[in-house]
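Novice:
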Amino acid sequence: MFQFAPYVAKTLWGHRARSLLTISGAGVAIFVFCFVGSVQEGLDRLTSDESAQRTLVVFQENRFCPTSSRLPQDYAGRIAEVPGVRDVMPVQVWTNNCRASLDIVVFNGAPVEQLRKMRDLTLVAGDWSAFAGKRDAAVVGRSVAQRRGISVGDQFTIGDLSVQVAGIFSSSVPAEENLIYTSLEFLQYSRGLDRVGLVTQLEVSLAEEADPDAVAREIDEKLKAGPVATTTRTRGAFQASTLADLVDLIGFAHWLGFACVGLVFALVAATTVMSVQDRVKEHAVLQTLGVRPSRVFRLIVAESLVLCLAGGIVGTAAATLLLAWGGFAIGAEGATIAFRPSVSLAALGVGVSLLVGLVAGFLPALNAARTPIVQALRQA
Amino acid sequence: MALVEIRGLTKSFKKGGETIVPLDDVDLDVERGELVSMMGPSGTGKSTLLNAISGIDRPDSGTIFVDGVEITRLSRGKLADWRAANLGYIFQTHNLVPVLTAYENVELPTLLLPLSGSERRKRVELALEAVGLTDRADHYPRQLSGGQEQRVGVARAIVAHPKVVVADEPTGSLDTETSKQIQVLLRRLNEELGITLLMVTHDTEVAGIARRRLRLDQGKIVEVAGEFPRGATVSAI
Chain A
53 MFQFAPYVAK
63 TLWGHRARSL
73 LTISGAGVAI
83 FVFCFVGSVQ
93 EGLDRLTSDE
103 SAQRTLVVFQ
113 ENRFCPTSSR
123 LPQDYAGRIA
133 EVPGVRDVMP
143 VQVWTNNCRA
153 SLDIVVFNGA
163 PVEQLRKMRD
173 LTLVAGDWSA
183 FAGKRDAAVV
193 GRSVAQRRGI
203 SVGDQFTIGD
213 LSVQVAGIFS
223 SSVPAEENLI
233 YTSLEFLQYS
243 RGLDRVGLVT
253 QLEVSLAEEA
263 DPDAVAREID
273 EKLKAGPVAT
283 TTRTRGAFQA
293 STLADLVDLI
303 GFAHWLGFAC
313 VGLVFALVAA
323 TTVMSVQDRV
333 KEHAVLQTLG
343 VRPSRVFRLI
353 VAESLVLCLA
363 GGIVGTAAAT
373 LLLAWGGFAI
383 GAEGATIAFR
393 PSVSLAALGV
403 GVSLLVGLVA
413 GFLPALNAAR
423 TPIVQALRQA
Chain B
1421 MALVEIRGLT
1431 KSFKKGGETI
1441 VPLDDVDLDV
1451 ERGELVSMMG
1461 PSGTGKSTLL
1471 NAISGIDRPD
1481 SGTIFVDGVE
1491 ITRLSRGKLA
1501 DWRAANLGYI
1511 FQTHNLVPVL
1521 TAYENVELPT
1531 LLLPLSGSER
1541 RKRVELALEA
1551 VGLTDRADHY
1561 PRQLSGGQEQ
1571 RVGVARAIVA
1581 HPKVVVADEP
1591 TGSLDTETSK
1601 QIQVLLRRLN
1611 EELGITLLMV
1621 THDTEVAGIA
1631 RRRLRLDQGK
1641 IVEVAGEFPR
1651 GATVSAI
């Protein structure tokens, strides 16, 4: 079955400049495809994972940027009385940039014990006691630490905030790894913030049987008569709304991913067509020696497949490594979308290149297999 | 029964507004072990006949039997299988695969046969030895002279132990000295290995190595008796 594999390999190696250029082009396109895919996956994770659907965020009504939402902290007690609410965590948010940014720094201040209970955080360096024991201590998400070169023991300063790094954490929710957690009081009492008794948002953990929409309605109804009206949504809906502008942009980037697939197709198809045109006579000679037209077809499809797959593997591997090492994220108004590599994304990158390789080689291969031998042998 | 039996073979094609009939109701028998040369002016259908016998071109009508198999009835795929097992083809312009070594070029037809690796190796080595190119096995076509390339082409044509070998102007692109070497080689293959060889040539000297000589003229085959005069032109025959 693979007796002609060395022939395919030697043919591609014999035209190595052309092969390498095609592989590089396909690799770059699949790299971009994977990168765009990771943004898409990050957004999907943020808005549709189970914890995002089972946690409510109470925010000041008609406010979007965390700097403009000011809720009384004692709302937590009133919300806790609503049936279906298991726990309420007051969160103070600080961000260096309310607009869309690739290097957004977001601080979340929350009671330490509640934070550990409500968030799935695992320290990969440092310890919790150092975090709990010092007022200006912070635990830093792995992605931020990676991006900013932060280690345990460092003093990290941004704007008016300066924290002592007590730990680096990982999380099963990649977006969490783009946050820096401090104690609630630290952010409330920090110079310039002046938020004593106020919080940006309240995060509500629901009981298993609770209906998120019904509880959200009841919370807003209960607080309507208070000094500040609220809007309560699931965390998924809250983040989708917060990142609405980016969602449109990411939706558009989705087309960029398709364009990359088209680019790989055009590139590999052009190379295969050129290769077939250059070797019309060679294919006729092979058929004269007794190679079946169907095998000529398969040999050409195999060449196209190898080029595309090699490009796909290189592009996917490069994207996976960069996404793993870079800790990239895009954020706006305190919410972040993490670009993370995933097995499904890598499989998609390789799968797409495999499929494109098959399709790109199909017509040139069919053409070569169907060209009359005598006519092809007469070509110079 | 003759190894190759051709009956009523006709082939025509249109060129401009004119219908050309290079083969017109041709009959021909070639016996096992024969060395047959075919001459004739350009465009008289020599290559067309050779291509029809090889199964790479289809006649309009007529039948071709090779060792009892009516190849004119075989499908394209079946014809390819038949060629792999029964036919060797020597091209005028060698037509070696440029990215493969001499050894790999000769090995190509054996990849299509159900042979073990050791049998394949043995056959390739013997074929290369038969054409005197054992020491050039690892050379690529670009590293070989024209004569050496044609000898690789000959080795490739005989490596599968075909029933019949056809050669289309086997010395057409070679200088006189190299042409003579190829003539000797073809004669030796016929005499020593008993290979049935049908050869198309413009060169009377090359045609002279065949005991049986044919001439194609206006779509018909004519047997030519006696020796060709050395150095005579095709039109003089």
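Going down the list, the protein sequences come from chains A and B.
Be aware that the first sequence starts at 53, since it is given in this note's numbering, and climbs by one per residue.
Be aware that the second sequence starts at 1421, since it is given in this note's numbering, and climbs by one per residue.
Glycine included, C-beta positions come from ideal geometry on N, C-alpha and C.
Since the structure is predicted, the reported quantities are computational estimates derived from the model, not experimental observations.
#1: According to DSSP, simplified to helix, strand and coil, what is B/F1485?
#2: Mind checking B/G1497: buried by the 16 CB within 10 Å criterion, or exposed?
#3: I want to see whether chain C comes within less than 8 Å of A/R344, judged by CB atoms only; does it?
#4: Since A/E334 meets chain B, which of its residues come closer than 7 Å, beta carbon to beta carbon?
#5: Since B/I1370 sits in a beta bridge, which residues does DSSP pair it with?
#6: For A/T340 and chain B, any beta-carbon pair shorter than 8 Å?
#7: Would you report the Cα separation of B/A1472 and B/D1623, rounded to the nearest angstrom?
#8: Name the one or two DSSP bridge partners that A/Y233 has.
#9: Since A/F56 meets chain B, which of its residues come closer than 7 Å, beta carbon to beta carbon?
#10: Would you call the segment 63-82 of chain A and the segment 392-412 of chain A touching, i.e. three or more CB-CB distances under 8 Å?
#11: When burial is assigned at 16 or more other CB atoms within 10 Å of the CB, is A/S224 buried or exposed?
#12: For chain B, find out if any of its Cβ atoms is closer than 8 Å to the Cβ of A/V337; answer yes or no.
#13: List, in chain order, every chain B residue whose beta-carbon is nearer than 8 Å to that of A/G66.
#14: Please report the straight-line C-alpha distance between A/Y513 and A/E102, rounded to a whole angstrom.
#15: At the 8 Å Cβ level, is A/I425 part of the contact set with chain B, yes or no?
#16: Taking only the alpha-carbon atoms, compute the straight-line gap between B/K1466 and B/V1644 and give it to the nearest angstrom.
#17: What does a CB cutoff of less than 8 Å around B/V1521 pick up in its chain, not counting 5 residues either side in sequence?
#18: Could you confirm whether any beta carbon from chain A is found closer than 8 Å to the beta carbon of B/L1528?
#19: Measure how close the beta-carbons of A/V191 and A/T388 come, nearest whole angstrom, since I'm counting them as under 8 Å.
#20: Where does B/D1637 fall in DSSP's three states?
#21: Just to confirm the assignment, what range does the beta strand (DSSP E) spanning A/T147 have?
#22: Can you pull out the residues from the segment 1461-1483 of chain B whose beta carbon lies closer than 8 Å to at least one beta carbon of chain A?
#23: Assuming B/T1430 and B/P1479 form a contact by the criterion Cβ under 8 Å, report the distance between their Cβ atoms to the nearest whole angstrom.
#24: Would you mind sorting B/R1588 into buried or exposed? The rule is 16 or more other CB atoms within 10 Å of its CB.
#25: So if DSSP puts B/M1458 in a beta bridge, which residue, or which two residues, is it bridged to?
#26: Any beta carbon of chain B sitting closer than 8 Å to that of A/T63?
#27: How long is the line joining the alpha carbons of A/V343 and A/E334, rounded to whole angstroms?
#28: Could you tell me the distance, in whole angstroms, from the CA atom of B/D1445 to the CA atom of A/T423?
#29: Figure out for me which residue from B/M1619, B/L1618, B/V1626 and B/G1573 has the closest Cα to the Cα of B/T1596.
#30: Cβ atoms of A/A289 and A/G136: under 8 Å apart, would you say?
#31: Beta carbons nearer than 8 Å to chain A: which residues of the segment 1482-1499 of chain B have them?
#32: Under 8 Å, do A/P226 and A/A390 count as touching if we go by C-beta distance?
#33: Taking buried to mean at least 16 other C-beta atoms within 10 Å of its own C-beta, is B/S1655 buried or exposed?
#34: Name the chain A residues whose beta carbon is nearer than 8 Å to that of B/Y1509?
#35: With a 10 Å radius around its C-beta and 16 neighbouring C-beta atoms as the bar for buried, classify B/Q1563 as buried or exposed.
#36: Within the continuous beta strand (DSSP E) that includes A/S257, where are the two ends?
Specialist: Quick answer:
#1: DSSP places B/F1485 in the strand class (E or B) of the three-state scheme.
#2: Result: exposed.
#3: This model lacks chain C altogether, as its protein chains are A and B.
#4: For the C-beta of A/E334, the chain B residues within less than 7 Å are, from N- to C-terminus, V1517.
#5: No answer is possible for residue 1370 of chain B: it lies beyond the span of chain B, which begins at 1421 and ends at 1657.
#6: Answer yes: the Cβ-Cβ gap between A/T340 and chain B drops below 8 Å somewhere.
#7: Distance from the CA atom of B/A1472 to the CA atom of B/D1623, rounded to whole angstroms, is 22 Å.
#8: DSSP, once it has assigned bridges, lists A/N160 and A/V191 as partnering A/Y233.
#9: Simply L1531.
#10: Verdict: yes, contact present.
#11: Counting Cβ neighbours within 10 Å, A/S224 comes out exposed, since fewer than 16 surround it.
#12: Closer than 8 Å to some Cβ of chain B, the Cβ of A/V337 qualifies, so yes.
#13: The answer, in chain order, is P1518 and V1519.
#14: Chain A is shown from 53 up to 432; residue 513 of chain A falls before or after that span and cannot be answered.
#15: True, the Cβ-Cβ gap to chain B drops below 8 Å.
#16: Cα-Cα distance, rounded: 15 Å.
#17: Checking the displayed sequence, the identity of residue 1521 of chain B turns out to be Thr instead of Val. Closer than 8 Å at the Cβ level, and outside the excluded window around B/T1521, lie A1557, D1558, H1559 and Y1560.
#18: Closer than 8 Å: yes.
#19: The pair is not a contact, with the Cβ atoms about 16 Å apart (cut-off 8 Å).
#20: In the structure shown, B/D1637 sits in a strand (DSSP, three-state: E or B).
#21: Run containing A/T147: V137 to T147, per the beta strand (DSSP E) assignment.
#22: Sequence-ordered contacts of the segment 1461-1483 of chain B with chain A read N1471, S1474, I1476 and D1477 [C-beta pairs closer than 8 Å].
#23: Contact between B/T1430 and B/P1479 is confirmed by a C-beta separation of about 6 Å, below the 8 Å threshold.
#24: For the record, residue 1588 of chain B in the displayed sequence is Asp; it is not Arg. Counting Cβ neighbours within 10 Å, B/D1588 comes out buried, since at least 16 surround it.
#25: Bridge partners of B/M1458: B/V1620 and B/L1634.
#26: At least one C-beta of chain B is nearer than 8 Å to the C-beta of A/T63.
#27: Taking the straight line joining both Cα atoms gives about 11 Å.
#28: One alpha carbon belongs to B/D1445, the other to A/T423, and they sit about 27 Å apart.
#29: When each option's Cα is compared against that of B/T1596, the closest is B/V1626.
#30: Their beta carbons are not under 8 Å apart, which means A/G136 does not touch A/A289 by this criterion.
#31: Taking 8 Å as the Cβ-Cβ cut-off against chain A, the residues of the segment 1482-1499 of chain B that qualify are R1496 and G1497.
#32: It is a contact, given that the beta carbons lie within the stated cut-off.
#33: Residue placement at B/S1655 is flagged as unreliable, the pLDDT there being 38, under the threshold of 50; a coordinate-derived value is accordingly withheld.
#34: Chain order gives the chain A residues near B/Y1509 as T340 and L341, where near means a beta carbon separation below 8 Å.
#35: Burial call: exposed.
#36: Here the beta strand (DSSP E) through A/S257 covers Q253 to L258.
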